[in-house]
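Chains as they are written, first to last, in the working numbering: chain V, 1 to 169; chain W, 1 to 169. The structure appears right after this line, and notes come after that.
Number of protein chains: 2
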Amino acid sequence: MTDSNGEYARLLAENERYTETFDRSALTAAPLSGLAIVACMDARLDVGETLGLRTGDAHVIRNAGGLVTDDVIRSLIVSQQLLGTSEIIVIQHTGCGLHDIDEAALREQVAASAGVTAEDVALEFGGFSDLAESVRTQVAILREHQLLRRVPVHGLVFDVRTGRLHEVA
Amino acid sequence: MTDSNGEYARLLAENERYTETFDRSALTAAPLSGLAIVACMDARLDVGETLGLRTGDAHVIRNAGGLVTDDVIRSLIVSQQLLGTSEIIVIQHTGCGLHDIDEAALREQVAASAGVTAEDVALEFGGFSDLAESVRTQVAILREHQLLRRVPVHGLVFDVRTGRLHEVA
Chain V
1 MTDSNGEYAR
11 LLAENERYTE
21 TFDRSALTAA
31 PLSGLAIVAC
41 MDARLDVGET
51 LGLRTGDAHV
61 IRNAGGLVTD
71 DVIRSLIVSQ
81 QLLGTSEIIV
91 IQHTGCGLHD
101 IDEAALREQV
111 AASAGVTAED
121 VALEFGGFSD
131 LAESVRTQVA
141 ILREHQLLRR
151 VPVHGLVFDV
161 RTGRLHEVA
Chain W
1 MTDSNGEYAR
11 LLAENERYTE
21 TFDRSALTAA
31 PLSGLAIVAC
41 MDARLDVGET
51 LGLRTGDAHV
61 IRNAGGLVTD
71 DVIRSLIVSQ
81 QLLGTSEIIV
91 IQHTGCGLHD
101 IDEAALREQV
111 AASAGVTAED
121 VALEFGGFSD
131 LAESVRTQVA
141 ILREHQLLRR
151 VPVHGLVFDV
161 RTGRLHEVA
């Protein structure tokens, strides 16, 4: 293992404290609320707190942007078919790192950092220009996907300045 | 929108309460701790609580299993290159829905549910048979990936019965 910044050791100590009051041992893998949430990985978005969720309530799927990728579809199929969730909430947010990014410039940056050519960075980062429209696009994909069940799908924008969720789909 | 089960309305009311005490408006998109966490979507794993993280501390990337997929690599590149994270923690857990699944049977189930043939379900769900070994595999991918920075990568197993994190890589 390479050197850590000390934060890691502190987190393991925090976990030790967490176990002292942990009382969720009766929960099963099936989420109590029947919810699956797809959200951005952003550090300012605490999915549980902003929705008042408790441990055991919901599946939480997160990636850069809160975009519906193939991996999110895989996760949602597992969520619905193996663990019975029956409703989906998509959450993107203001001030997202992917808002209006220059895909080509980021590809160049990654290439320079990795010591490869930009052509070697063969991926799309998922940048978008209209936040509400992006949420509606993700919701539409979920509502129409052939392998997902026909369940309610909601689309929300989280405002990182106020903590408020705004419904856009 | 199709019918919801009432839980959704309750969550929006919870968010209204959340905004009343929300005081994170000074945070930027860059995680304060420099951490990116890759974890399973499981409802029993509260990533923030089990590590004592606060809002703004870390990127949280989650999918079925806590597996390092192409989408996780995309998210980590964005996390490292655009938002400066410099350490990764992978968390899988006991009692995972993907532990020892029968991929072919799940494919049949999804096909029957969707009204298509099993051949139309062209995806791998990511089942695994050895939990600690799976975590070590994800960590190894991250430590060696050409497009990721050489940062500390830790691998943990979360015990859903005790809330305890066990270091396995």
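All C-beta atoms, glycine included, are put in the ideal place defined by N, C-alpha and C. Owing to the predicted nature of the structure, the values given are computational and were not obtained by experimental measurement.
Reducing DSSP to helix, strand and coil, say where residue i ends up.
| i | result |
| --- | --- |
| V:I91 | strand |
| V:E14 | helix |
| V:L45 | coil |
| V:M1 | Its pLDDT being 45, under 50, V:M1 is placed unreliably by the model, and the measurement read from it follows with that caveat. Here V:M1 sits in coil by DSSP. |
| W:A9 | helix |
| W:T50 | helix |
| W:D120 | helix |
| V:T21 | helix |
| W:R150 | coil |
| W:L67 | coil |
Judging by CA-CA distance, which residue of the options is the nearest neighbour of residue i?
| i | options | result |
| --- | --- | --- |
| V:L35 | W:L148, W:G115, W:R10 and W:T94 | W:R10 |
| W:T19 | V:R44, V:T50 and V:C96 | V:T50 |
| V:L76 | W:T94, W:A169, W:V110 and W:E16 | W:V110 |
| V:L45 | V:R143, V:T69 and V:T162 | V:T162 |
| W:C40 | V:N63, V:L27 and V:R54 | V:N63 |
| W:Q92 | W:S25, W:I61 and W:P31 | W:I61 |
| W:G52 | V:D42, V:R17 and V:L27 | V:R17 |
| V:E103 | V:S25, V:E124, V:G115 and V:T94 | V:E124 |
| W:R143 | W:A29, W:A114 and W:A169 | W:A169 |
| W:A132 | W:N15, W:Y8, W:T94 and W:V38 | W:T94 |
| W:L108 | W:I141, W:L98, W:E119 and W:L165 | Note that residue 108 of chain W corresponds to Glu in the displayed sequence, not to Leu. Of W:I141, W:L98, W:E119 and W:L165, the residue nearest in Cα terms is W:E119. |
| W:D100 | W:G126, W:Q138, W:R164 and W:D159 | W:G126 |
| W:I141 | W:S25, W:E167, W:V38 and W:V160 | W:V38 |
| V:V121 | W:V47, W:D159 and W:L148 | W:L148 |
| V:T137 | V:T21, V:N15, V:L67 and V:V47 | V:L67 |
| V:A26 | W:T21, W:R150, W:V139 and W:V160 | W:V160 |
| V:Q81 | V:R150, V:T21 and V:V47 | V:R150 |
Just curious, the beta strand (DSSP E) that residue i is in, first and last residue?
| i | result |
| --- | --- |
| V:A36 | L35 to C40 |
| V:A58 | A58 to N63 |
| W:G155 | V153 to F158 |
| W:L106 | Per DSSP, W:L106 belongs to no beta strand (DSSP E); it is in the alpha helix (DSSP H), E103 to A114. |
| V:H99 | That residue, V:H99, is in no beta strand (DSSP E); it is neither H nor E in DSSP. |
| V:E167 | L165 to E167 |
Assign residue i to one of two classes, buried (16 or more other C-beta atoms within 10 Å of its C-beta) or exposed (fewer than that).
| i | result |
| --- | --- |
| W:G6 | exposed |
| W:D23 | exposed |
| V:V135 | buried |
| W:S33 | buried |
| W:V157 | buried |
| W:S79 | buried |
| V:M1 | Reliability of the predicted coordinates at V:M1 is poor, the pLDDT of 45 falling under 50, and the value obtained from them is presented with this limitation in mind. Per the 10 Å Cβ criterion, exposed. |
| W:T117 | exposed |
| W:Q146 | exposed |
| V:E87 | buried |
| W:A105 | exposed |
| W:A13 | exposed |
| W:A43 | buried |
| W:T69 | buried |
| V:A112 | exposed |
| W:G115 | exposed |
| V:D130 | exposed |
Do residue i and the ligand FAD come close, with the Cβ less than 7 angstroms from some heavy atom?
| i | result |
| --- | --- |
| V:D102 | What this structure holds is no ligand at all, so the ligand FAD is not there to describe. |
For chain A, check one thing: does any of its Cβ atoms lie closer than 8 angstroms to the Cβ of residue i?
| i | result |
| --- | --- |
| V:D102 | The chain labelled as chain A is not found among the protein chains of the depicted structure, namely V and W. |
Along the chain, where does the alpha helix (DSSP H) that runs through residue i open and close?
| i | result |
| --- | --- |
| W:E124 | W:E124 -> no alpha helix (DSSP H), and no H or E assigned at all. |
| W:L131 | L131 to E144 |
| V:L82 | D70 to L83 |
Please look up how many angstroms separate the CB atoms of residue i and residue j, rounded, as I've assumed it's under 8 angstroms.
| i | j | result |
| --- | --- | --- |
| V:G56 | V:C96 | Not really, about 28 angstroms apart at Cβ, beyond 8 angstroms. |
| V:H154 | V:I89 | 5 angstroms |
| V:L83 | V:P31 | 7 angstroms |
| W:H59 | W:T28 | No, W:H59 and W:T28 are not in contact; Cβ-Cβ is about 13 angstroms, not under 8 angstroms. |
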